[in-house]
Amino acid sequence: MVEATDIIKRVRQIEIKTRGLSSNIFAGEYHSAFKGRGMTFSEVREYQYGDDIRNIDWNVTARFNHPYVKVFEEERELTVMLMIDVSGSREFGTTWRFKKNVITEMAAVLAFSAIQNNDKIGVVFFSDRIEKFIPPKKGRKHILHIIRELISFTPEHRETNISEALRYLTNAIKKRCTAFVISDFIDEGFEDALKIANQKHDVVALRVFDPREAEMPNIGFIKLRDAETGENYWANTANKKTREAYKKWWHENQENLRTAFSKSGVDNVAVPTNEDYVRALISLFKKRA
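Residue 4 is where the sequence shown starts when you use this note's numbering, and the numbers rise one by one after that.
In structure tokens:
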């Protein structure tokens, strides 16, 4: 069990790092990439050459006997949902950090970026079922609560069901939101749920993976354990056919994911654990903007 003092220390460390990133790097990019729900009336001003005549306020124009136009501003406030995969596979890592560490930091950056733009932020932790729901709110206190949960939350189950999480999002969140699904996406059969969720909400997929998952090393017989089912089995990694079969499976899996995201119209980015996630997020934001 993680001690309370250790949690507080880690929360503070993550806050300092991710708050700085969201302030200095992501503020403008986030604002441009994730639009508000529409336009709202702000004020009227005198007509200027080039203004859209459809925006003329005829009542004010008649009163002053001079053309005036309505000025609209983007209705900025959004609801942002973080869909956090807490299944067993997030605990894998062969570099200097586990997948769950990258997931935690990215979620914290997005949370701070959201509140700096006056957006509400909520969280859904999911495995093969919904583990915990934190309703959308604003404020630093709320963000720190989210970070504490990201660090210390222990799921009751270890398997993955992305379809279940997406169906929950579709049914539980009534108003349109921006939903970041942060997962390694080691699952299948969630394409229909993804498409339906993205029709109601703006779904963005952040896929975290360890570079070792892409290729099996040649190190002889090794004992492997499935982090989600607990099943143990032996593999002969010295066998070339075994390594090639695994590599083929990985590439087919990645291609299936790309196809699923494309058909569903979901923006996505792959984030390896051995690289800086900042670059990946900025690339995604610029693409959307």
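Idealized CB from N, CA, C, for every residue including glycine. Only a predicted model underlies this, so the values are computations on that prediction, with no experimental measurement involved.
Helix, strand or coil: how does DSSP classify Trp61 here? Note: Trp61 maps to helix in three-state DSSP.
Please go through the stretch 153–189 and give each complete alpha helix (DSSP H) segment of 4 or more residues, from N-terminal end onward. Note on the stretch 153–189: whole alpha helix (DSSP H) runs with a minimum of 4 residues are 165–175, in chain order.
For Ala292, which residues does DSSP report across the bridge? DSSP, once it has assigned bridges, lists no residue as partnering Ala292.
Can you tell which of Asn104, Glu46, Arg100 has the C-alpha that lies nearest to the C-alpha of Val14? Of Asn104, Glu46, Arg100, the residue nearest in Cα terms is Asn104.
Coil, strand or helix - Tyr71 by DSSP: In the structure shown, Tyr71 sits in a strand (DSSP, three-state: E or B).
Runs of beta strand (DSSP E) wholly within the stretch 65–147 (minimum 3 residues, chain order): Taken in chain order, the complete beta strand (DSSP E) segments of 3 residues or longer contained in the stretch 65–147 are 71–78, 82–88, 123–129, 133–140.
Is it right to say Met4 is buried, meaning 16 or more other beta carbons lie within 10 angstroms of its own, or is it exposed? Unreliable placement is indicated for Met4, whose pLDDT of 46 sits below 50; no coordinate value is reported for it.
Do Ile189 and Thr157 have their CB atoms nearer than 9 Å? Not a contact, by the Cβ cut-off of 9 Å.
Residue range of the beta strand (DSSP E) that includes Ile225: If you look at Ile225, you'll find it in the beta strand (DSSP E) that goes 224–228.
Ser166 and Ala117: beta carbons closer than 9 Å? For Ser166 and Ala117, no; Cβs fall outside 9 Å.
Could you tell me if Glu159 is buried or exposed, where buried requires 16 or more neighbouring beta carbons within 10 angstroms of its beta carbon? Label assigned to Glu159: exposed.
I want to check one thing, is the minimum distance from the CB of Glu18 to the heavy atoms of the ligand GDP below 8 Å? No copy of the ligand GDP occurs in the structure displayed, which carries no ligand at all.
Check the DSSP bridge columns for Val269 and list the partner residues they point to. Per the DSSP secondary-structure output, Val269 pairs with nothing in a beta bridge.
How many angstroms separate the CA atom of Ala111 from the CA atom of Gly223? Counting only the Cα atoms, Gly223 lies some 40 Å from Ala111.
Hey, quick one: how far does the alpha helix (DSSP H) through Ala235 stretch, first residue to last? Residue identity differs from the one stated: residue 235 is Asn in this sequence, not Ala. No alpha helix (DSSP H) contains Asn235, which is instead part of the beta strand (DSSP E) from 235–239.
Can you look up Pro275 in the DSSP assignment and give me helix, strand or coil? The answer is strand: DSSP assigns Pro275 an E or B state.
Spatial neighbours of Asp205 within its chain, please: CB distance less than 8 Å, with the 5 preceding and 5 following residues excluded, ordered by chain position. Phe37, Arg179, Cys180, Thr181, Ala182.
Short check: CB of Thr98 to CB of Thr276, under 9 Å? It is a contact, given that the beta carbons lie within the stated cut-off.
Measuring straight from C-alpha to C-alpha, what distance separates Glu49 and Ile56? Taking the straight line from one Cα to the other gives about 12 Å.
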